[in-house]
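**Q**
Number of protein chains: 2
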Amino acid sequence: MGLRLVAEPVPGLPEIEPGDDLAAAIASAAAAAGMPIDAETVVVIAQKVVSKEERRLVALETVTPTPDARELAIQTDKDPRVVQLVLDESEEIIRAAPGVLIARTRTGLVCANAGIDRSNLPADDMACLLPTDADASARRLRGGLRERIGSPPAVVVSDSFGRPWRLGQVDVAIGCAGLAPLDDRRGSVDAVGRELSATIDAAADAAAAAAALVRSKSGREAVVLVRGLARYVTPEDGPGAAAIVRPRAEDLFL
Amino acid sequence: MGLRLVAEPVPGLPEIEPGDDLAAAIASAAAAAGMPIDAETVVVIAQKVVSKEERRLVALETVTPTPDARELAIQTDKDPRVVQLVLDESEEIIRAAPGVLIARTRTGLVCANAGIDRSNLPADDMACLLPTDADASARRLRGGLRERIGSPPAVVVSDSFGRPWRLGQVDVAIGCAGLAPLDDRRGSVDAVGRELSATIDAAADAAAAAAALVRSKSGREAVVLVRGLARYVTPEDGPGAAAIVRPRAEDLFL
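Heads up: the protein sequence lines correspond to chains A and B, in order.
Under the working numbering, think of the first position of the first sequence as 11, with each following residue one higher.
Under the working numbering, think of the first position of the second sequence as 11, with each following residue one higher.
#1: Assuming ILE103/A is part of the beta strand (DSSP E), what are its boundary residues?
#2: For SER170/A, which beta-bridge partners are listed by DSSP?
#3: With H, G and I counted as helix, E and B as strand and the rest as coil, what does DSSP make of PRO19/B?
#4: Do ASP181/A and the ligand GDP come close, with the Cβ less than 8 Å from some heavy atom?
#5: Using only the alpha-carbon positions, how far apart do LEU151/A and ALA122/A sit?
#6: Can you pull the chain A residues whose beta carbon is under 8 Å from the beta carbon of VAL180/B, in chain order?
#7: Less than 9 Å between the C-beta atoms of ALA146/B and LEU239/B, yes or no?
#8: Looking at the strands, I want to know which residues DSSP matches up with THR115/B.
#9: Just how far apart, CA to CA, sit ARG80/A and GLN94/A?
#10: Within the 9 Å Cβ cut-off, does GLU18/B reach chain A?
#11: If you check the beta carbons only, do VAL236/B and ALA217/B fall under 9 Å apart?
#12: At a CB-CB cut-off below 7 Å, which residues of chain A make contact with ILE254/B?
#13: By alpha-carbon positions, which one of THR117/B, THR209/B, ALA133/B, ALA107/B ends up nearest to ARG3/B?
#14: Assuming VAL68/A and ALA113/A form a contact by the criterion Cβ under 8 Å, report the distance between their Cβ atoms to the nearest whole angstrom.
#15: Beta-carbon of PRO191/B versus every beta-carbon of chain A: anything under 9 Å?
#16: Would you tell me roughly how many angstroms separate the C-alpha atoms of ARG256/B and PRO132/A, rounded to the nearest one?
#17: Give, in chain order, every residue of the region 239-254 of chain B whose Cβ lies closer than 7 Å to some Cβ of chain A.
#18: If you run the structure through DSSP and keep just helix, strand and coil, what is LEU131/A?
#19: Decide if the region 51-66 of chain B is in contact with the region 49-65 of chain A; the criterion is three or more beta carbon pairs, one per stretch, under 8 Å apart.
#20: Relative to the C-alpha of ILE254/B, which residue among GLY109/B, ILE84/B, ASP87/B, LEU119/B is closest?
#21: Determine the closest residue to GLN85/A out of GLU99/A, PRO108/A, LEU97/A, ILE104/A, with distance taken between C-alpha atoms.
#22: Bridge partners of ASP211/A, per DSSP?
#23: For ASP135/B, which residues of its own chain have a beta-carbon under 7 Å away from its beta-carbon, when the five flanking residues on both sides are left out?
#24: Can you check whether the CB of PRO77/B is closer than 9 Å to the CB of GLU231/B?
#25: Taking all protein chains shown into account, decide if ARG14/A is buried (16 or more other Cβ within 10 angstroms of its Cβ) or exposed.
#26: Suppose the cutoff is 8 Å on Cβ atoms and the five residues either side in sequence are ignored; what does the same chain contact list for PRO141/B look like?
#27: Please report the straight-line C-alpha distance between VAL92/B and ASP30/B, rounded to a whole angstrom.
#28: Ignore the nearest five residues each way along the sequence and tell me which others in ASP247/A's own chain have a CB closer than 7 Å to its CB.
#29: By the DSSP assignment, the beta strand (DSSP E) with ALA56/A in it spans what residues?
#30: Rank LEU82/B, ARG196/B, GLN179/B, THR244/B by C-alpha distance to the C-alpha of ALA220/B and give the top, closest one.
#31: Using 10 angstroms around the beta-carbon of ALA42/A, count the other beta-carbons present and answer buried if the total reaches 16, otherwise exposed.
#32: Taking the continuous alpha helix (DSSP H) assigned at LEU82/A, which residues delimit it?
#33: Relative to the C-alpha of ALA124/A, which candidate in ALA33/A, ALA190/A, PHE171/A has its C-alpha closest?
#34: In whole angstroms, give me the CA-to-CA distance for VAL23/B and ILE36/B.
#35: Could you say which of ARG196/B, GLU25/B, THR74/B, ASP87/B lies nearest to ASN130/B if we only look at CA atoms?
#36: On the DSSP letters alone, give me the boundaries of the alpha helix (DSSP H) that LEU155/A sits inside.
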């Protein structure tokens, strides 16, 4: 029999406030919805609620932009306080133009505004940063779910990224635990015995993309359960999404 | 009730030979497997079988490389005949290095070797090109499925692409019909009434990525049915995956 992937959002997750216990909230909401979480379930969690739990919200009035940030803010037509946060979170600015600020974060993610955004926040004058280490977040949430459920599901922390050359955003895994981030099939053979070339699948990114298809973007469906990915699930936490970050020296495209 | 995405490969698809009727083969295999295809089903088809049906196989002995191709072959450590095919299919070479040849195809896809590959082919000395116009392929297959099934499902032609900055490949839609390639949510509001920024989801790419998670890479499971994406399905063929290609002048990243 072939594989069968099923992805469904967990309804009824409460609004997460800084310092809440997100794992407990997920376990409760899934139980209340009659959606069992087991060791072969992949729990895909939108970055925003993880950041909220981890107190990664910043009141913009507390940010004093440096002259560098002010200059970049003029160049990009952005709020200088947000630009300051982007600079604080980044190791490199990839591209700056009116309306555009692409950065490489300290964990190697290349995305708009270093992943900082301002939607779905409790107050207007606020910004949400990415988790400091989303792999650590995934491991922690996996541990929290194991405590409450008895078995450790796989956990993916996802975010929506734009891409070069292609319009639109797709969700990718910025953190994961208990899931192979990359599925390396090099050395295996095709149906006629020829060795497959360059076949490393970014399984964790694909799981994040699949989950996004069923999640409403209103911010009320932050958690999606994906089943049927047992072949990518691992008992150990594994290397996390950090393994997906392409070493800069090896970038084949740029 | 929330959405529910289900993705399953269609078992028993026969090996597709040049000139075969792929739509008929898909309809038969799905019927034999008891997998109904209806107007809300997204039929995700791996590019390779579409190319085979469309006679996009080239015997390498028929290719005579130009001096330019020979030079590029030395630089990239590749077969000069394959490099010649890459040049023929491309409007621009993005990157050439030992083992690496990234090109922009005539339809605007940026990928390794202009999408040409040599796995899962009937003979050793052969290469498979991308469909000339994968959106036209998707429309044609959609029409063929409508004839056999009575209602037109959505069709995605998918291929595995590498990405800048991130390791591993994910599947993307190189062609589609009956599916919104981009889901534009700009102007809609988040849960607290703030306008969502930059939220155009590349729905067709995400559908392709989800399908790849359940497809074996042996080449024997070229077709995956994805259900639960009614919100992206359209009665008309629509603009196709060409709409996902970012106009070069607008590339924010590079």
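Ideal placement from N, C-alpha and C gives every residue a C-beta, glycine not left out.
**A** So, from the data block:
#1: 100-107
#2: ASP181/A
#3: strand
#4: In the structure on display, the ligand GDP does not appear, and there are no ligands present to speak of.
#5: 26 Å
#6: VAL180, ASP211, ALA212, ASP215, ALA216, ALA219
#7: no
#8: SER100/B
#9: 8 Å
#10: yes
#11: yes
#12: ARG176, LEU177, GLY178
#13: No answer is possible for residue 3/B: it lies beyond the span of chain B, which begins at 11 and ends at 264.
#14: 16 Å between Cβ atoms; not a contact.
#15: yes
#16: 34 Å
#17: LEU239, ILE254
#18: coil
#19: no
#20: LEU119/B
#21: PRO108/A
#22: ASP193/A, GLN179/B
#23: ALA69, LEU70, GLU71
#24: no
#25: exposed
#26: GLN57, VAL60, SER61, GLU64, ARG66, SER147, VAL167, ILE184, GLY185
#27: 25 Å
#28: ARG149, ARG152, ALA187, GLY188
#29: 52-56
#30: GLN179/B
#31: exposed
#32: 77-86
#33: PHE171/A
#34: The identity of residue 23/B in the sequence shown is Leu, whereas the question assumes Val. Each residue's Cα considered, the two are about 7 Å apart.
#35: GLU25/B
#36: 144-159
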